[in-house]
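Enquirer:
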Amino acid sequence: MMNQSTEFAGPECWQDEVRRVANAVRRRVLDHTLRHNGGYLSQACSAAEILATLYLRVMNLGTSEGPLVPHRFPGVPGPDNPNSFTGAAYNGRKSPELDRFIFSPVHYALVLYSVLIEVGRLSENALEQFNQDGSTVELIGAEHSPGHEVTAGSLGQAISQAGGIAMARRLRGDTGRVWVFMSDGEFQEGQTWEAFQALSHYRLSNLGVYVDKNGQQCDGAMNDVMTIDPLADRLRAFGVEVHEVDGHDPDALAAPATRPPAAHRPLVVIARTDPCRGFDLLRQRAPKLHYVRFKNQEEFEQMQRLL
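Every position in the sequence shown, counted from 1, becomes a number in this note's numbering once 1 is added.
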C-alpha cells in the first residue's frame with residue numbers, strides 16, 4: 002500500500018528510499034546533538050528505518066496540510082480558543098479511506114521531525130524553532146507538534162487513545178487504519194497491558210502497532226530494570242497478532258502490514274533494533290544511551306568526525 006505522497010518510489014526503489022531517509026535522519030539527529038550538546042540520538046539510531054518504512058510504504062496518508070515552517074503555539078485547546086490545532090495536519094487530512102498515525106514515545110520527537118523533513122512534509126528550517134519558548138517544535142512532542150495528533154502524556158497513554166480512535170472509525174465505517182509507533186519501554190507500564198486487553202476484547206483489527214524494541218530505557222538496559230520478555234508470547238496471550246522482524250530491514254518491516262488484517266485481532270510488529278546503529282562509538286556508553294551529552298572534548302571530536 003503505497004503512501005499517496007510518495008508514489009514516485011516505485012516497487013524497485015522504495016527500499017533504497019527508506020534506507021536513504023533513515024541514514025539522513027541519523028545524520029541530522031547527530032548533527033543536532035553535536036550543535037546542542039545533547040539529544041535523543043540512540044532513538045534515531047534504532048527507529049529510523051521503522052519510521053521511514055511507515056511513511057514511505059506502510060501508511061496510506063494524504064498530502065501534508067501542515068505549513069512547512071510550523072506555526073507558533075496558539076495556546077491550549079478549549080472552547081475559548083478557536084486558534085488551537087494539532088500536528089496531525091502533517092499526516093494529511095482526516096478522511097475515511099486514509100490512515101491515521103499516533104506517535105506514542107514523544108521523547109523521539111526530533112526523530113519524527115527529521116523524518117518529516119526527509120519525506121518533504123516539513124522544512125528543515127523548522128528545526129531552528131526546536132525547543133524554543135513559544136514554539137510547537139518541542140523537545141518532548143505534544144498534540145500541537147508536527148506529526149503528533151495527541152499528547153501522549155506519560156509513556157503508555159497513547160495506545161489507549163489510539164484504541165478509542167480505532168473504535169470510533171470502525172463504528173463510522175471508515176476503511177482507513179490507525180497506526181501507532183511505540184517504544185519497548187512502554188511495555189513496563191500497566192496501562193499498556195490494560196489497553197491491549199481492551200483492543201483484543203473489542204477486536205480492533207483496524208489498528209496496527211510498530212514497536213521499537215531497542216532494549217533500552219532511561220535507566221539503562223531494559224532487562225536490568227524490568228524485563229518485558231517474552232514480549233511476543235505475552236502479547237499473543239492477550240489475543241494480538243504478532244510478528245517479530247529485523248527493525249532495520251525495510252522489506253521485513255513492511256511485510257506484516259501488507260497482508261490482509263487478521264480477523265478480529267489488532268496487529269503488533271515487534272522491530273528488533275540496535276540503539277547504536279550507524280554510530281558504533283556509542284557502544285562505549287552502553288547501557289546509558291537514553292540521552293546523549295558529550296563527556297569531554299575528545300568524545301565530541303570523535304563524534305564530529307562521523308559527520
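Even for Gly, the Cβ is constructed at its ideal location relative to N, Cα and C.
(1) Give me the Cα-Cα distance between ARG170 and LEU307, rounded to the nearest whole angstrom.
(2) Closest by CA to GLY148, which one among PHE197, VAL210, LEU62?
(3) Does the region 241-259 come close enough to the region 34-43 that 3 or more CB-CB pairs lie under 8 Å?
(4) Does the separation of the CB atoms of PRO106 and GLU195 fall below 8 Å?
(5) Can you check which of these residues, PRO261, ILE271, ASN207, LEU113, is closest to GLY216 by C-alpha distance?
(6) For VAL270, name the three-state secondary structure that DSSP assigns.
(7) Relative to the C-alpha of HIS150, which residue among GLU98, VAL70, SER85 is closest?
(8) Just curious, the alpha helix (DSSP H) that ARG170 is in, first and last residue?
(9) Quick one, which of ALA253, GLU144, VAL269, GLY154 has its alpha-carbon nearest SER201's?
(10) Please classify ARG94: is it buried, with 16 or more other beta-carbons within 10 angstroms of its beta-carbon, or exposed?
(11) Could you have a look at PHE131 and say whether DSSP puts it in helix, strand or coil?
(12) Select from ILE166, PHE295, GLN16, LEU290 the residue whose C-alpha is nearest the C-alpha of TYR203.
(13) State buried or exposed for ASN4, treating a residue as buried only when at least 16 other CB atoms are found within 10 Å of its CB.
(14) Can you tell me whether ILE103 is helix, strand or coil according to DSSP?
(15) Quick one: grab the DSSP three-state call for ASN82.
(16) Using the three-state DSSP reduction, which class does GLU125 fall into: helix, strand or coil?
(17) Which complete alpha helix (DSSP H) runs does the region 186-253 hold, if anything under 4 residues is left out?
(18) Rounded to the nearest angstrom, what separates ASN24 and ASP81 at their Cα positions?
(19) If you check the beta carbons only, do ASP185 and VAL212 fall under 8 Å apart?
(20) Rounded to whole angstroms, what's the CA-CA distance from GLN298 to LEU35? Just pull it up for me.
(21) Within this structure, are the beta carbons of VAL19 and ARG58 separated by less than 8 Å?
(22) Just mark ARG260 as buried or exposed, buried being the case when its beta carbon has 16 or more other beta carbons within 10 Å.
(23) Report back the beta-carbon spacing between LEU156 and PHE197 to the nearest angstrom; my notes put them in contact at under 8 Å.
(24) For ALA287, tell me which candidate among ASP134, GLY154, CYS277 has the shortest Cα-Cα distance.
(25) Give me the Cα-Cα distance between ARG284 and GLN44, rounded to the nearest whole angstrom.
(26) What separation, rounded to the nearest whole angstrom, lies between the Cα atoms of GLU245 and ASN224?
(27) Tell me the DSSP secondary structure of GLY154 in three-state form.
(28) So is ARG173 buried or exposed if we call it buried at 16+ other beta carbons inside 10 Å?
(29) Cβ atoms of HIS108 and ILE141: under 8 Å apart, would you say?
Expert: So, to answer that:
(1) Locating residue 170 in the sequence shown gives position 169, counting from the first residue. Locating residue 307 in the sequence shown gives position 306, counting from the first residue. Going from the Cα of ARG170 to the Cα of LEU307 covers about 45 Å.
(2) As a first step, residue 148 must be located in the sequence shown, where it is residue number 147. Looking at the Cα atoms, LEU62 is the closest of the given residues.
(3) no
(4) Position 105 of the sequence shown, counted from the first residue, corresponds to residue 106. Position 194 of the sequence shown, counted from the first residue, corresponds to residue 195. Contact: no.
(5) On the sequence shown, position 215 is the one that residue 216 refers to. Out of PRO261, ILE271, ASN207, LEU113, ILE271 has the C-alpha closest to the C-alpha of GLY216.
(6) Here residue 270 refers to the residue found at position 269 of the sequence shown. Looking at VAL270 - three-state DSSP - the assignment turns out to be strand.
(7) Counted from its first residue, the sequence shown places residue 150 at position 149. The amino acid occupying residue 150 in the given sequence is Glu; His does not appear at that position. Residue SER85 is the option with its Cα nearest to GLU150.
(8) Position 169 of the sequence shown holds residue 170. Taken as a continuous stretch (DSSP letters only), the alpha helix (DSSP H) holding ARG170 covers 159-173.
(9) Stepping through the sequence shown from its first residue, residue 201 is reached at position 200. That would be VAL269, whose Cα lies nearest to the Cα of SER201.
(10) The count along the sequence shown starts at 1 and reaches residue 94 at position 93. By the 10 Å Cβ count, ARG94 comes out exposed.
(11) The residue given as residue 131 occupies position 130 in the sequence shown. Three-state result, PHE131: coil.
(12) By one-based count along the sequence shown, residue 203 stands at place 202. Ranking ILE166, PHE295, GLN16, LEU290 by Cα distance to TYR203 puts ILE166 first.
(13) Within the sequence shown, the letter at position 3 stands for residue 4. With a pLDDT of 48 at ASN4, under the threshold of 50, the modelled position of this residue cannot be trusted; read the value that follows with caution. Buried, since its Cβ has 16 or more Cβ neighbours within 10 Å.
(14) Taking the first residue of the sequence shown as 1, we reach residue 103 at position 102. Strand.
(15) Position 81 of the sequence shown, counted from the first residue, corresponds to residue 82. It is a strand residue.
(16) On the sequence shown, residue 125 is found 124 positions in, with the first residue counted as 1. Reduced to three states, the DSSP call for GLU125 is helix.
(17) 191-202, 223-226, 232-238
(18) Taking the first residue of the sequence shown as position 1, residue 24 is located at position 23. Taking the first residue of the sequence shown as position 1, residue 81 is located at position 80. Their backbone Cα atoms lie some 43 Å apart in a straight line.
(19) Along the sequence shown, read from residue 1 onward, the residue named residue 185 stands at position 184. Along the sequence shown, read from residue 1 onward, the residue named residue 212 stands at position 211. Cβ atoms of ASP185 and VAL212: closer than 8 Å.
(20) Translated into the one-based positions of the sequence shown, residue 298 becomes position 297. Translated into the one-based positions of the sequence shown, residue 35 becomes position 34. Roughly 11 Å separates the two Cα atoms.
(21) For this step, residue 19 is matched to residue 18 along the sequence shown. For this step, residue 58 is matched to residue 57 along the sequence shown. Their beta carbons are under 8 Å apart, which means VAL19 touches ARG58 by this criterion.
(22) Locating residue 260 in the sequence shown gives position 259, counting from the first residue. It is exposed - the Cβ of ARG260 has fewer than 16 other Cβ atoms within 10 Å.
(23) Position 155 of the sequence shown, counting from 1, holds the residue named residue 156. Position 196 of the sequence shown, counting from 1, holds the residue named residue 197. About 15 Å separates the two Cβ atoms, so there is no contact after all.
(24) Residue 287 sits at position 286 when you count from the first residue of the sequence shown. Nearest C-alpha to ALA287: CYS277.
(25) What you label residue 284 is simply residue 283 of the sequence shown in a count that begins at 1. What you label residue 44 is simply residue 43 of the sequence shown in a count that begins at 1. The alpha-carbon atoms of ARG284 and GLN44 are separated by roughly 14 Å.
(26) Looking up residue 245 in the sequence shown gives position 244. Looking up residue 224 in the sequence shown gives position 223. Cα to Cα, GLU245 sits roughly 18 Å from ASN224.
(27) Mapped onto the sequence shown, residue 154 falls at position 153. Looking at GLY154 - three-state DSSP - the assignment turns out to be coil, as it is neither helix nor strand.
(28) Indexing the sequence shown from 1 puts residue 173 at position 172. ARG173 is exposed by the Cβ-count criterion.
(29) Indexing the sequence shown from 1 puts residue 141 at position 140. Indexing the sequence shown from 1 puts residue 108 at position 107. Yes. Within cutoff.
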